[in-house]
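Below: one structure, written as structure tokens.
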Amino acid sequence: MIPELGHFALALACVIAAAQAVLPIWGAWRGDARLMRAAPALAVGQLLALLAAAGALVWSSVVSDFTVLNVVQNSAAAKPLLYKITGTWGNHEGSILLWALILALCGGAVAGFGGNLPSALRARVIGVLGGTSCGFLFFALITSNPFLRVWPPPADGQGMNPLLQDPGLAFHPPILYAGYVGFAVPFAFAVAALIEGRVDAAWGRWVRPWALTSWCLLTCGIALGSWWAYYELGWGGYWFWDPVENASLMPWLTGTALLHSAIVVEKREALKVWTVLLAIGTFSLSLSGTFLVRSGILNSVHSFANDPARGVFILALLALVIGGSLLLFLIRGPALASGGMFAPLSREGALVLNNVLLCAICAVVVTGTMFPLFAELLAGAKISVGAPFFNATVLPLAIPVFAAMAVGPMLAWKRATLWPALQRLWVGALVALAVGLFSVVRWKLLPGLAFGASAWLVLGAVADIGQRIRFGAIGLGASLGRLGGLRRSAFGTAIAHAGMGVTIAGIAGMSLASNSIVLLHPGESTHLAGYTWQLDALEDGSGPNYSARIATISLLEKNGDTRAILRPSRRFFPLQQQTTTDVAIRTTGFVDIYAVLGEERDGGAVLRLHYNPLAPWIWIGALIMAAGGALSLSDRRLRVGAPARQKAATVTA
Amino acid sequence: MISRRWLLGLPLGVATLGGVAFWRMLGGMRQGTFDPRGLPSALIGKTVPDFDLPAQLPSAQGFSNADLHQAAAEHPLLLNFFASWCVPCIEEHDQLMALRGGGLPIWGIAYKDQPGAAADFIQRHGNPYQRIAADAPGRVAIDFGLYGVPESYLLDRTGIVRWRWAGAITADVASRQLQPLLQHYA
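Quick note, the sequences are listed as chains A and C, same order. For the first sequence, counting from 1, position 136 maps to 136 in our numbering; every step adds exactly one. For the second sequence, counting from 1, position 179 maps to 179 in our numbering; every step adds exactly one.
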């Protein structure tokens, strides 16, 4: 009964979304205030229906209703409760439902927080979101329905891929999807602006918080995914240039560009056409990335059950959404009058440089990801583009981005001079140079460059705040007073830029990581990174739905003191006939000590041991970036809401 | 303003090109001519590696690569790796029975299988195989570079591998890929 209700709710959501796509936009076209007012109600209705559908699927999974095909294929009675819940979005059908739910959440958020938008704009934005929702709900109903039944029900389900039985999976997809799908809102704003034929400073101010929210979530989502790959897959790396990873990186790059170019629209009314294109492009990349993986075209470790027939449907949807919006862009783009002029050397100029470089990196990533496919299609050649290509092409483009990142926020709008900005940065420049030179001499060129860039970014962020509070120019007390009065968005920028610096330091540290693969018998030991790694014991263990082999490794200092004890294990899941490795990681915050238990041979075990300097900084930096974004967001909400709130206060007074 | 118009149309143009390419890829995947996951077999255009395997069932003989060559000289044949524990093999089985009925000799190698289980499998689903050899340790499979079971190889009359299919041979695969090759090498 519950699955039928869920199925019905899904169909209802699809119908409401269709109404949401048609009525408000028609109303805005005709100037009919009643139809426009229907938009928020429809958006909330669609959200409620999808919440019911998602609730029904979670319920079916929690009570192990094996008449539901999706539950049979992805769950089992013995699965822990947490994974019964999170497992609902660990498969194709469930993840599409989650995707649609988040899109509906975006519509609901625009309905809820968009009270200060002009009603025609709000109606159009909600309408565009409804149209997109409708397409994907239709897709879910026709090709990926999670509520299909099986009869007779099997005694037990087939269980879930053990790799996915991890708390990381509980949070990674929802956050990542929220980031992906969140860019639907800037997209809807862009399409609405194209329909209206008007982009102005107010539009920039409305779009930016949405872009910023999605960007923060996407940053967290990518970081979580990378961290999950690091500790769960046990390959010892954090980024593999896998198509699915690239698919999340592409919208992040253009989304970052969008975030910055929207500032220019808001402050200077320039770069309008470009910003609209970025908003469309970012969501298009999110869409194509997520769905090309589902069609089976992109080859990846994140394999979903794929099916070319499903792919044709997806392609038609993408053509409609992306092709339609780009066609609109072609037709209405020229109507968007460009505004403020600026000199090449100015805050705007720096932001344009940032945009160009970020988009160039994105183009490189797109090329690297798609090239093998196109080569096979056109020339029939099997080739693989791996990490060397990406490292060789992304790095030269990233270095100027880092160089400009510290200088940009110091430049004045419209027309700036480079010299005063550089004067304020001389301490940072000197330290960065010293750090860079030291690292180049000590290690290699690339880590040296990266450490230098990292110091440059962190110190540049400090110098930026220092300049704003006029540290050193006025008294310390006055500076502290200015610090308290500083806008949160200024802190946000500085923190996010410094976070990038921390991530780069982590990446540089990882490039100095050392590892070794050894066959050890209990009692034997090996040397790596100045420590003695000793295998103490190999024993059996068990868990709720697996049995395990556990190794105990002690890490000994030179003087024989025990630094840490690691217990990596190998788990065998009998239901899926699958073995996973459970990595043991000890971290000091500066270094990760990482051990993986491999195959066992003649009483000994193959161990993979890693010594990863600064590895945690990669994800800490990403969290700092997201925190900077969130801080900036809290400022924006206050300022956008401020006039309305003041009015309300006078009324009550 | 013509050039500006062109510039604004550029994103649409790029997206359209991408869309057309993906359309062709999807079409190719359906017909089996485009397979981004496929790994080209090193055996295509070569003879099969040397092996000599015992019988899987008491009722049928085992065979070696020499037996295979001798049989292929009379009629192109399909060499099929399968296992009773493999679910796609059940899916494929009907198709193998149909091909056998159409006159194609099929020789089977049971991959890492128990003798009793394989006998049950054949009894329940029918026997499309002329001979079934047992590769219990999976050594011969390694020499073949087996991707998984089921996996099939088409040998022409000179004993050279002309086609390899990793995964179940569905009706689609049989009609679109295997049949044309059979006519060509008949």
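Where a beta carbon is used, it is the ideal one built from N, C-alpha and C, also for glycine. Just so we're clear, the structure is a prediction, and the values are computed from it rather than from any experiment.
Interface flag for residue 322 (chain A) against chain C is set, since a Cβ pair is found closer than 9 Å. Under the rule that a run must span 4 or more residues, the alpha helix (DSSP H) segments found entirely inside the segment 485-572 of chain A read 488-510. Distances from the alpha-carbon of residue 161 (chain A) to those of A:484, A:556, A:72 and A:241 put A:72 closest. Taking a Cβ-Cβ threshold of 8 Å, none of the residues of chain C is close to residue 229 (chain A); the smallest such distance is about 20 Å. Remark: fewer than three beta-carbon pairs, one from each stretch, lie closer than 8 Å, so the segment 161-178 of chain C and the segment 130-142 of chain C are not flagged as touching.
For residue 149 (chain A), DSSP records a beta bridge to A:68. Taken in chain order, the segment 87-148 of chain A contains no complete beta strand (DSSP E) segment of 3 residues or longer. Closest option to residue 90 (chain A), judged by alpha-carbon separation, among A:177, A:153 and A:5: A:177.
For a cut-off of 8 Å, the C-beta gap from residue 479 (chain A) to residue 487 (chain A) is around 16 Å, too long to register as a contact. Secondary structure of residue 260 (chain A) (DSSP, three-state): helix. For residue 333 (chain A), the neighbours in chain C by C-beta distance under 7 Å run, in chain order, 8.
Inclusion of residue 608 (chain A) and residue 516 (chain A) in the CB contact set at 9 Å is warranted, their separation being smaller than that value. Below the 8 Å Cβ cutoff, chain C contributes 8, 11 and 12 as neighbours of residue 329 (chain A), in chain order. Residue burial annotation: residue 113 (chain C) is buried, with at least 16 other C-beta atoms found within 10 angstroms of its C-beta. Beta-bridge annotation (DSSP): residue 155 (chain C) is paired with C:77 and C:161. Exclusion of the five residues before and after residue 106 (chain A) leaves 129, 181, 182, 184 and 185 as the residues of its chain whose Cβ lies within less than 7 Å of its Cβ.
Under the three-pair Cβ rule at 8 Å, the segment 616-633 of chain A counts as touching the segment 216-227 of chain A.
Rounded to the nearest angstrom, the gap between the Cα atoms of residue 70 (chain A) and residue 126 (chain C) is 31 Å. Contact of residue 4 (chain C) with chain A is assigned, a C-beta pair being separated by under 9 Å. When C-beta atoms of the segment 46-57 of chain A are compared with those of the segment 12-30 of chain A, three or more pairs fall below 8 Å, so the two segments count as touching. Beta-bridge annotation (DSSP): residue 597 (chain A) is paired with A:607. Leaving aside the five residues that flank residue 208 (chain A) on each side, the residues in its chain whose CB is nearer than 8 Å to its CB run, in chain order, 259, 262, 263, 266 and 636.
Here DSSP, grouped into helix, strand and coil, assigns residue 105 (chain C) to coil. Judged by DSSP in its simplified three-state form, residue 230 (chain A) adopts helix.
The Cβ of residue 138 (chain C) sits no closer than 9 Å to any Cβ of chain A. Residue 134 (chain C) and residue 287 (chain A) have their alpha carbons spaced roughly 48 Å apart. Residues of the same chain with a CB within less than 6 Å of the CB of residue 61 (chain C), apart from the 5 flanking positions on each side, are 55 and 131 in chain order. Within chain A, the residues placing a beta-carbon under 7 Å from that of residue 23 (chain C) are 315, ordered along the chain. The three-state secondary structure of residue 588 (chain A), taken from DSSP, is coil.
Approximately 5 Å separates the beta-carbon atoms of residue 212 (chain A) and residue 633 (chain A); this is inside 8 Å, confirming the contact. Taken through DSSP and simplified to helix, strand or coil, residue 110 (chain C) comes out as strand.
For residue 82 (chain C), the beta-bridge partners assigned by DSSP are C:110. Residues of chain C whose Cβ lies closer than 8 Å to the Cβ of residue 194 (chain A) do not exist, since the nearest Cβ in that chain is about 11 Å away. Exposure of residue 70 (chain C) is indicated by the presence of fewer than 16 other C-beta atoms within 10 angstroms of its C-beta. For the pair residue 191 (chain A) and residue 329 (chain A), the Cα-to-Cα distance works out to about 8 Å. With its beta carbon at least 9 Å from every one in chain C, residue 142 (chain A) lies outside the interface.
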